[in-house]
Amino acid sequence: LCSKILQRLEYSYFRFAYFSRVVPPDNFQATAMAHVVSALGWTYVHAIAITGAYGERGIDSFRAAAAELGICIDGDVHKINRRWTDSQFKELFFKMKYTKKARGVVIFVDEDQLRRMLSSLDDIRHEDSTFDNYFWWIASDSWGIKQSVITGYEAMTSGAVTISPDLKVVPDFDRYFKNLWPSNTFLREYWELINCTDEHNNFGECFDKHGITFKQEAYVPFVIDAVNVVARALHQ
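End of the sequence shown sits at 247 in our numbering; the numbers just go up one at a time, nothing left out.
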């Protein structure tokens, strides 16, 4: 039972006979991205994917959905990998701007490589102002609602449309966690990392003492759902 993986792994029943999930697979968001492109009136887009299951299967699903909507990819999918250098990213952007026609860019790229891409593009636009706001972004959940991905690059990502599962905050989890104390090895490591001491009765007191803002991780609700499903199954 998976609480976070979005990749479409359940296609192979014999390999994953008991696989289940509490989040939708990537082909759902790929289809949604294609419909966003269509709603914007675009018929011609660039496509960038990180090599591997996430990027390649995601962009393949997008390409299939886009074809049904009459949307074409400018040239072929641009596949990048984690060994790419800044000069390779820059070469890619120059190629996209000067030898192709599309301005919309659909991306299935993990957040680390996305920041490297944006950093390279930022360097280019400081040397060539024609790159300012030249590309329009449609991005998968690896970008999603994460502000850390675009910190420092807000000017050139303004107006981007990004996809994310429907997320919510669970207030009961916040109260639960703040009432915890270091009762196991993992909590003890975290307790010491943020300089909590025995004078604090729980994490909540420690947070208040050190001015730490507690923010729930986006996928906590899905983990709760997964645990709840397993617990109910065992109970029944």
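Backbone N, C-alpha and C define an ideal beta-carbon position, used for all residues, glycine too.
{"query": "Going by beta-carbon coordinates alone, are L129 and I59 separated by less than 9 Å?", "result": "no"}
{"query": "When you compare only the Cα positions, how much space is there between A237 and A78?", "result": "35 Å"}
{"query": "Helix, strand or coil for W95, going by three-state DSSP, please let me know.", "result": "coil"}
{"query": "Using the rule of at least 16 other Cβ atoms within 10 Å of the residue's Cβ for burial, across every protein chain shown, is C205 buried or exposed?", "result": "Looking at the sequence provided, one finds Ile at residue 205 rather than Cys. Label assigned to I205: exposed."}
{"query": "At 3 residues or longer, what runs of the beta strand (DSSP E) sit wholly inside the segment 83–168?", "result": "89–91, 115–119 and 147–150"}
{"query": "Which residues in the same chain have their Cβ closer than 6 Å to the Cβ of R136, if we skip the five residues on either side of it in sequence?", "result": "F142 and D143"}
{"query": "Could you tell me how far apart the beta carbons of S8 and Q40 are, in whole angstroms, since I believe they sit closer than 8 Å?", "result": "This structure cannot settle anything about residue 8, because the visible part of the chain is limited to 12 through 247."}
{"query": "Measure the C-alpha to C-alpha separation of S194 and N213 and round it to an integer number of angstroms.", "result": "10 Å"}
{"query": "Buried or exposed: where does R249 fall if 16 or more other Cβ atoms within 10 Å of its Cβ makes it buried?", "result": "What the structure shows of the chain is the stretch from 12 to 247, and residue 249 is not part of that stretch, so it cannot be assessed."}
{"query": "Which residue spans inside the segment 19–70 form an unbroken beta strand (DSSP E) run of at least 3?", "result": "55–61"}
{"query": "Alpha carbon to alpha carbon, how far is S159 from V56? Give it in angstroms, no decimals.", "result": "26 Å"}
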